[in-house]
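Take a look at the structure below.
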Amino acid sequence: MSSESTSAPNFIRTQIREEIEQGRVDSIVTRFPPEPNGFLHIGHAKSICLNFGLAEQLGGQCHLRFDDTNPAREEQIYIDAIREDIEWLGFQWSGEVRYASSYFDQLHEWACQLIRDGLAYVDDLNAEQMREYRGTLTEPGRPSPWRDRSVEENLALFEGMKNGEFAEGEKVLRAKIDMASPNINLRDPTLYRIRHASHHQSGDKWKIYPSYDFTHGQSDAIEGITHSICTLEFEDHRPLYNWFLENLPVPSRPRQIEFARLNLNYTVTSKRKLKLLVDQGVVNGWDDPRMPTISGMRRRGYTPASLRKFCDMVGVSRASGVVDIQMLYHAIRSDLEDNAPRAMCVMKPLKVVLTNLPEDHEEIFEVPGHPAREDMGMRQLPLNREIWIDHEDFMEEPPKKFFRLAPGKEVRLRNAYVIRCDDVIKNEQGEIEALHCSVDLETLGQNPEGRKVKGVIHWVSARHGVEVEVRNYDNLFQVEAPDRDKDVDFLDHLNAQSLETVYGIGEPSLAQSGAEQRFQFERVGYFCADRHDHSSDRLVFNRTVSLKDGWAKAQNKSN
Ligand code: ATP
Ligand code: MG
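Under my numbering, think of the first position of the sequence shown as 1, with each following residue one higher.
Following this line, the structure appears as structure tokens:
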């Protein structure tokens with residue numbers, strides 16, 4: 001499938017293309033504006049692909065700007081992780097990394113200007129009172145008793161707030177817009193709050209911090225952002241976004257455009273909830289391979305190309321919906337199908353003795369790293385008298401259509417000979433210990449004489465096989481919408497089987513693999529050598545995804 005045939009409409013790209021064609025815009029500047037209060041997740045990947053993608057496709061620029069107005073919840077580790085994730089996805093921001101906090105002086109000056117223009121005031125109402133005065137969707141708000149303070153008094157009080165003369169929550173600076181506006185965002189929104197907190201960029205310089213609304217649009221304007229793309233929940237903030245631009249001497253006029261956020265089933269994408277999973281030790285950190293974080297998906301084995309393709313398949317629209325996680329699995333499968341070298345690895349080892357081979361038999365097969373990719377070269381596969389096969393590929397009493405191994409039945413060893421099971425060796429408890437099989441030495445690269453052998457199974461030499469720790473991951477949640485029901489804790493929906501560790505035996509070439517190298521373990525799935533734990537002494541592979549593609553199947557049916 002080519003990426004063109006699977007990419008979905010992107011109304012923002014269409015719109016901006018038109019603006020460029022009609023000469024209404026010269027060149028675009030977009031931005032990706034994360035708050036450094038957690039790791040990026042798959043939803044952010046959509047926003048990154050959109051913002052950086054537009055700049056890439058339409059010949060513009062994209063800034064990375066940390067929206068760092070809430071020092072209490074922000075940390076340097078998040079800044080570092082976010083930068084790393086964006087670069088890993090294959091995007092590069094233009095110029096230096098930017099911080100909203102570097103505009104704090106300018107924002108403060110603009111706040112003073114609003115006061116001087118009679119468009120902002122210091123309010124003494126506390127948070128609860130402010131809520132009360134704000135009114136509801138059906139009732140207008142009421143003006144605060146402090147709304148008509150003089151410019152001089154407001155300037156003096158605001159200066160006092162800045163100098164740390166008041167306690168947190170004692171006062172705020174608010175815009176003076178319209179307490180009766182049908183849009184609650186325009187009912188005198190908060191511009192500055194008192195926070196006696198140290199900031200990761202500006203240190204102890206500030207005792208007051210601007211609100212998101214007062215920061216975002218002006219930062220866009222300072223940077224010459226042309227299209228400020230955000231998710232739909234900011235639609236109702238757009239009038240406020242524009243109000244600031246109209247009432248301040250900003251150097252440019254960015255335009256806000258909203259799109260629907262990405263929701264995935266079986267997944268939570270709230271940073272607060274993801275942080276809870278980390279803090280409570282439900283997962284092993286932000287980059288646990290079960291996390292929908294970019295770093296988790298990376299560790300799980302996703303490629304940048306697969307995530308970019310997924311975002312392309314999802315498209316950009318204003319209609320909210322839930323994307324099936326199978327689509328994400330499909331995106332990584334189709335990438336790895338083409339790009340991951342093959343290897344054999346037996347998950348549940350069952351010993352097979354090839355009785356007609358001599359004790360010291362050793363034969364090396366040269367087999368392709370990938371069936372369709374000559375550039376991946378060849379790998380060496382030794383065959384000895386004793387091999388491992390997967391227990392699931394043998395049945396003592398097979399049903400009719402079982403084309404694998406059974407007593408008296410034949411099967412082909414992948415890349416090697418056809419063997420027949422002559423004997424089942426059991427221990428005292430009656431458990432199968434080994435199989436005795438004979439090799440048909442006439443069957444290398446050709447069908448056996450006069451009979452058809454349908455099944456092919458994977459195997460590993462017992463003498464040369466290497467132990468591998470395999471981490472099989474499944475969805476972290478067992479229900480499609482873990483956070484839909486407000487009365488049920490989303491943690492109640494955790495899937496207790498989301499991680500299963502098994503010890504398998506892999507073909508010897510795996511001993512040479514490096515961290516983050518990906519493979520198709522034939523007949524099993526796609527696996528990625530763990531970024532942290534894999535080494536030549538301890539081979540650790542994460543299952544990225546199994547082989548079976550539920551999404552492609554469903555598509556074919558519906559087409
Ligand atoms: P959360 O509300 O989950 O804590 P956030 O959305 O506030 O996170 P930010 O760091 O502010 O996180 O997000 C940076 C950018 O990514 C914003 O422009 C935001 O709109 C966008 N974004 C966040 N989540 C999604 C999503 N699920 N789909 C698309 N874009 C998203
Ligand atoms: Mg946000």
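The C-beta atom is built at its ideal place from N, Cα and C for all residues, glycine as well. Predicted model only: the values in this text are computed from it and were never measured.
I'd like to confirm something about Leu-276: is its beta-carbon nearer than 6 angstroms to some heavy atom of the ligand ATP, or not? Between the ligand ATP and Leu-276, a heavy atom-to-CB distance of less than 6 angstroms is absent.
Report the three-state DSSP secondary structure of Glu-258 (helix, strand or coil). Strand.
In angstroms, rounded to a whole number, what distance separates the CA positions of Ile-505 and His-391? Looking at the two C-alpha atoms, the distance is approximately 12 angstroms.
Would you call the stretch 392–407 in contact with the stretch 361–373, where contact means no fewer than 3 C-beta pairs closer than 8 angstroms? Cβ pair count under 8 angstroms is below three, so no.
The alpha helix (DSSP H) spanning His-44 covers which residue range? From DSSP, the alpha helix (DSSP H) with His-44 extends over 42–57.
Run through DSSP, which three-state label would Asn-265 get? Asn-265 falls in the coil class under three-state DSSP.
When DSSP labels each residue in this structure, what does Gly-455 get in the three-state scheme? Gly-455: coil per DSSP, three-state reduction.
Closer than 6 angstroms: is that where the CB of Pro-34 sits relative to any heavy atom of the ligand ATP? Correct: Pro-34 has its Cβ closer than 6 angstroms to the ligand ATP.
The beta strand (DSSP E) spanning Lys-273 covers which residue range? Note, Lys-273: premise wrong, no beta strand (DSSP E); alpha helix (DSSP H) at 271–279.
Spatially closest choice to Thr-269 from Thr-293, Val-282 and Thr-544, by CA coordinates: Checked all of Thr-293, Val-282 and Thr-544; the closest Cα to Thr-269 is Thr-293.
Rounded to the nearest angstrom, what separates Ser-2 and Leu-547 at their Cα positions? With a pLDDT of 42 at Ser-2, under the threshold of 50, the modelled position of this residue cannot be trusted, and the question is left open.
Burial state of Ala-45 (16 or more Cβ within 10 Å): So Ala-45 counts as buried.
Backbone CA spacing between Glu-4 and Gly-135 [nearest angstrom]: No answer about Glu-4 holds up, because its pLDDT of 43 lies below 50 and its placement is not dependable.
Following a CB-centred definition, is Phe-104 positioned closer than 6 angstroms to any heavy atom of the ligand SAH? Among the ligands modelled here, namely the ligand ATP and the ligand MG, the ligand SAH does not occur.
Status (buried if at least 16 other CB within 10 Å, exposed otherwise) for Met-291: By the 10 Å Cβ count, Met-291 comes out buried.
Contacting residues, own chain, Cβ-Cβ under 7 angstroms from Arg-174 (five flanking each side not counted): Cβ neighbours of Arg-174 beyond the five flanking positions: Ala-120, Tyr-121, Asp-123, Asp-188, Pro-189, Thr-190 and Leu-191.
From what residue to what residue does the alpha helix (DSSP H) around Tyr-121 run? Where Tyr-121 is concerned, there is no enclosing alpha helix (DSSP H), although the beta strand (DSSP E) it sits in stretches over 120–123.
Beta carbon of Leu-262: closer than 6 angstroms to some heavy atom of the ligand ATP? Yes, Cβ of Leu-262 sits closer than 6 angstroms to a heavy atom of the ligand ATP.
Assuming the contact rule is C-beta atoms closer than 8 angstroms, Ile-42 and Leu-240 should be a hit. Round their C-beta distance to whole Å, please. Ile-42 to Leu-240, Cβ: 29 angstroms. No contact.
Over the uninterrupted beta strand (DSSP E) stretch that includes Tyr-473, give me the two end residues. Counting along the chain, the beta strand (DSSP E) containing Tyr-473 begins and ends at 466–473.
Grab me the residues of Arg-523's own chain with a C-beta within less than 6 angstroms of its C-beta, minus the 5 sequence neighbours each way, in chain order. Result list for Arg-523: His-458, in chain order.
Three-state secondary structure (DSSP) at Ala-175? In the structure shown, Ala-175 sits in a strand (DSSP, three-state: E or B).
Could you spell out the range, first to last residue, of the beta strand (DSSP E) harbouring Asn-542? In the DSSP assignment, Asn-542 falls within the unbroken beta strand (DSSP E) covering 539–546.
Rounded to whole angstroms, what's the CA-CA distance from His-361 to Tyr-302? Just pull it up for me. Near 40 angstroms, if we compare the C-alpha coordinates of Tyr-302 and His-361.
How should Leu-33 be labelled, buried or exposed, when 16 other C-beta atoms within 10 angstroms of its C-beta is the threshold for buried? Checking the sequence, you will find Pro at residue 33 rather than Leu. By the 10 Å Cβ count, Pro-33 comes out buried.
Inter-residue Cα distance where the pair is Ser-219 and His-493: C-alpha separation (whole angstroms): 40 angstroms.
Length of the line joining the Cα atoms of Asn-10 and Asn-472: Cα-Cα distance, rounded: 35 angstroms.
Distance between Asn-154 and Gln-560 (C-alpha atoms, nearest Å): This structure cannot speak to residue 560, because the chain is shown only from 1 to 559.
CB of Lys-271 to nearest heavy atom of the ligand ATP: below 6 angstroms? Yes.
Extent of the continuous alpha helix (DSSP H) to which Leu-157 belongs: Here the alpha helix (DSSP H) through Leu-157 covers 151–162.
Since Asn-590 is in the alpha helix (DSSP H), which residue starts that stretch and which ends it? Only positions 1 to 559 of the chain appear in the structure, and residue 590 is not among them; the question remains open.
Hey, out of Asp-485, His-330, Ser-461 and Gly-445, whose CA is closest to Lys-553's CA? Among Asp-485, His-330, Ser-461 and Gly-445, the Cα nearest to that of Lys-553 is on His-330.
Residue range of the beta strand (DSSP E) that Met-378 falls in? Following the DSSP letters along the chain, one finds Met-378 inside the beta strand (DSSP E) bounded by residues 378–384.
Any heavy atom of the ligand ATP closer than 6 angstroms to the CB of His-370? No, the ligand ATP has no heavy atom inside 6 angstroms of this Cβ.
Suppose the cutoff is 6 angstroms on Cβ atoms and the five residues either side in sequence are ignored; what does the same chain contact list for Arg-596 look like? With the chain covering only 1 through 559, there is no way to say anything about residue 596.
Run the proximity test for Ser-47: is its beta-carbon closer than 6 angstroms to any non-hydrogen atom belonging to the ligand ATP? Yes, since a heavy atom of the ligand ATP falls inside the 6 angstroms radius drawn around the Cβ of Ser-47.
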